[in-house]
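Chemist: Line by line, the protein sequences give chains R and X. In this text, residue positions in the first sequence follow the working numbering: the first is 1, and each later residue adds one. In this text, residue positions in the second sequence follow the working numbering: the first is 1, and each later residue adds one. My questions will all concern the structure given below.
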Amino acid sequence: MSIQLSPDMFDAISEVFNIGVGHSAKSLRTMIQAPVSVSTPVVEILSETESRSEFNIAPEKFMIGTCTSFEGGFGGDAMLLLPSYSAINLSDAIVKFGPKTATPVPTQDIIEEVGNVMIVACFTKIADILGVRLSSTVPIYLAGMEDIRKRFRAQMADDVIWFRFQFSVNQLQVSGYIYLLMDPMHTFLHAVQSLIDKTFPASGSRSHDH
Amino acid sequence: MTRKLLIIEDSRLTRSMIHQMAVDEFPELIVLEAPDAESASLILAEQHVDLVTLDHNMPGLEGMGFVPQLKKLAPDARVCMITANLQNETVSDCRELGICYLPKPVEQEALIDFLRSGME
């Protein structure tokens, strides 16, 4: 790891993500009309090698998901990953408990929109807190681990800030993960540093060291 | 008088949900659907619509970028941006463009309020 986050920086990043996660969970709750639990977000700076190794320990063997890219005040990629059984349960729950649809909607379309809504809700809130503007791409559907690994590898040319959290809906037997890769990392760190400087103008906090 | 709603939205799920919410409340409403701005332009060139819901993050032209063209094609239509990407700047842009906005996932009551405003 080439960068050490100062306590102030780590605290700010954790809090910003925490709020983003809350909005993500709230969005899903609205879609399925059931309580959504989220794990404490994990924030790490990992090298390319470490990221690949970390990703290889994803607990479920077969997962599907969606990926969305962001650019603007900071950039990166975000993925929603679901074990296949969770994707089916989630899709069924939305059909059963969510607003009715005029026509039947395939599982893939449902998962794409869940990913879009959850990820964008999280990023949008983070962007608002940091006072920057972001635009996002249309979500890409990832059908299986090979798709997911390819997508991750394409993004990991350098050190990345890796952020992840797990969410679950116990009553529906749904669990999944959201992974955010901030790349390039320095633009995100600068945005957070600006927030710290605005919040604590006299602290002269030195938030990261190369 | 029968009103027409055009839903411009790339997600089949959200499109279909908005459609159903709309006709549940206003069964007489004619609902048209377009998955992107280009398809919407073709519809608007041929048909008069009273209400438009517009996604922001779509393939091709983004929703916000489509608003000027939309206003030319349907100058009297009431337009509502429905997006998960409701950043402060997006809200400001909507206000400047004189259109409404709702967050995704869309809630039925809020959608009905918008539709009702265009049915009067």
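Beta carbons are placed, not taken as given, at the ideal position from N, Cα and C, and that holds for glycine.
(1) What ranges does the alpha helix (DSSP H) occupy inside the region 71-117 of chain X, keeping only unbroken runs of at least 4 residues that lie completely in it?
(2) Would you call the region 65-81 of chain X and the region 34-53 of chain X touching, i.e. three or more CB-CB distances under 8 Å?
(3) Here's the rule I'm using: 16 or more other beta-carbon atoms within 10 Å means buried, otherwise exposed. How should L42 of chain X be labelled?
(4) Go ahead and pull the three-state DSSP assignment for L46 of chain R.
(5) Are any of the Cβ atoms in chain R nearer than 8 Å to that of D113 of chain X?
(6) Could you pull out every unbroken alpha helix (DSSP H) segment of at least 4 residues lying fully inside the region 128-178 of chain R, listed in chain order?
(7) Give a yes or no on whether the C-beta atoms belonging to E78 of chain R and I119 of chain R are separated by under 8 Å.
(8) Run through chain X and tell me which residues come within less than 8 Å of T30 of chain R, C-beta to C-beta.
(9) Taking 8 Å as the threshold (C-beta atoms), are V117 of chain R and P105 of chain X in contact?
(10) Kindly indicate which three-state DSSP category Q108 of chain R falls into: helix, strand or coil?
(11) Can you give me the Cβ contacts of G144 of chain R inside the same chain, cut-off strictly under 7 Å, excluding the 5 residues immediately before and after it?
(12) Ends of the alpha helix (DSSP H) at D92 of chain R?
(13) F114 of chain X to V160 of chain R, Cα distance in whole Å?
(14) Here's the rule: buried if 16 or more other CB atoms are within 10 angstroms of the residue's CB, otherwise exposed. What is D10 of chain X?
(15) Does chain R have any CB closer than 8 Å to the CB of E96 of chain X?
(16) Going by DSSP, which residues form a beta bridge with C122 of chain R?
(17) Should M119 of chain X be flagged as near chain R, meaning a C-beta pair shorter than 8 Å?
(18) Mapping the DSSP letters down to three states, classify K4 of chain X as helix, strand or coil.
(19) Within a Cβ cutoff of 7 Å, which residues of the same chain sit near A45 of chain X, ignoring the five residues on either side of it in sequence?
(20) Taking CB distances under 8 Å as the criterion, tell me whether S16 of chain X reaches chain R.
(21) Rounded to whole angstroms, what's the CA-CA distance from T83 of chain X to E62 of chain X? Just pull it up for me.
(22) Would E113 of chain R and T14 of chain X qualify as a contact pair, given that the criterion is a beta-carbon distance under 8 Å?
(23) Cβ of P41 of chain R within 8 Å of Cβ of F200 of chain R?
(24) Touch check for the region 24-34 of chain R and the region 135-150 of chain R: three-plus C-beta pairs under 8 Å?
(25) Below 8 Å on the Cβ atoms is my guess for L130 of chain R versus V16 of chain R; work out the distance and round it to an integer in Å.
(26) Is it buried or exposed, F97 of chain R, if we count other Cβ atoms within 10 angstroms and call 16 or more buried?
(27) Give the residues of chain R in contact with A110 of chain X, contact being defined as C-beta atoms less than 7 Å apart.
Modeler: Taking the structure as given:
(1) Here the runs fully enclosed are 88-97.
(2) Touching, per the Cβ criterion.
(3) Taking all protein chains shown into account, L42 of chain X has fewer than 16 neighbouring C-beta atoms within 10 Å of its C-beta and is therefore exposed.
(4) L46 of chain R: strand per DSSP, three-state reduction.
(5) Residue-level contact by beta carbon fails for D113 of chain X and chain R, as no gap is shorter than 8 Å.
(6) Qualifying alpha helix (DSSP H) stretches, in chain order: 145-155.
(7) It is Ala, not Glu, that sits at residue 78 of chain R in the sequence shown. In contact: A78 of chain R and I119 of chain R (Cβ atoms closer than 8 Å).
(8) Listed along chain X, the residues sitting closer than 8 Å to T30 of chain R by beta-carbon distance are P105 and E107.
(9) Less than 8 Å separates the beta-carbon of P105 of chain X from that of V117 of chain R.
(10) Of the three classes helix, strand and coil, the one that applies to Q108 of chain R here is helix, per DSSP.
(11) Same-chain partners within the cutoff: F62 and I64.
(12) Where D92 of chain R is concerned, the enclosing alpha helix (DSSP H) stretches over S84 to F97.
(13) If I take the Cα positions, the gap works out to 42 Å.
(14) With a 10 Å radius around the Cβ and a threshold of 16 neighbouring Cβ atoms, D10 of chain X comes out buried.
(15) Residue-level contact by beta carbon fails for E96 of chain X and chain R, as no gap is shorter than 8 Å.
(16) Answer by DSSP bridge pairing: none, since C122 of chain R is not bridged.
(17) So, not an interface residue.
(18) Of the three classes helix, strand and coil, the one that applies to K4 of chain X here is strand, per DSSP.
(19) So the list reads L73, once near-sequence residues are dropped.
(20) With 8 Å as the cut-off, S16 of chain X counts as an interface residue toward chain R.
(21) In a straight line, the C-alpha of T83 of chain X is about 11 Å away from that of E62 of chain X.
(22) Yes, these two residues count as a Cβ contact at 8 Å.
(23) No, the Cβ-Cβ distance between P41 of chain R and F200 of chain R is not below 8 Å.
(24) Taking one beta carbon from each stretch, the region 24-34 of chain R and the region 135-150 of chain R have fewer than 3 pairs nearer than 8 Å; the two do not touch.
(25) Taking the Cβ atoms as the reference, L130 of chain R lies roughly 7 Å from V16 of chain R, within the contact range of under 8 Å.
(26) Around the Cβ of F97 of chain R, a 10 Å sphere holds fewer than 16 other Cβ atoms; the residue is exposed.
(27) Residues of chain R passing the Cβ test: none, with the nearest at roughly 11 Å.
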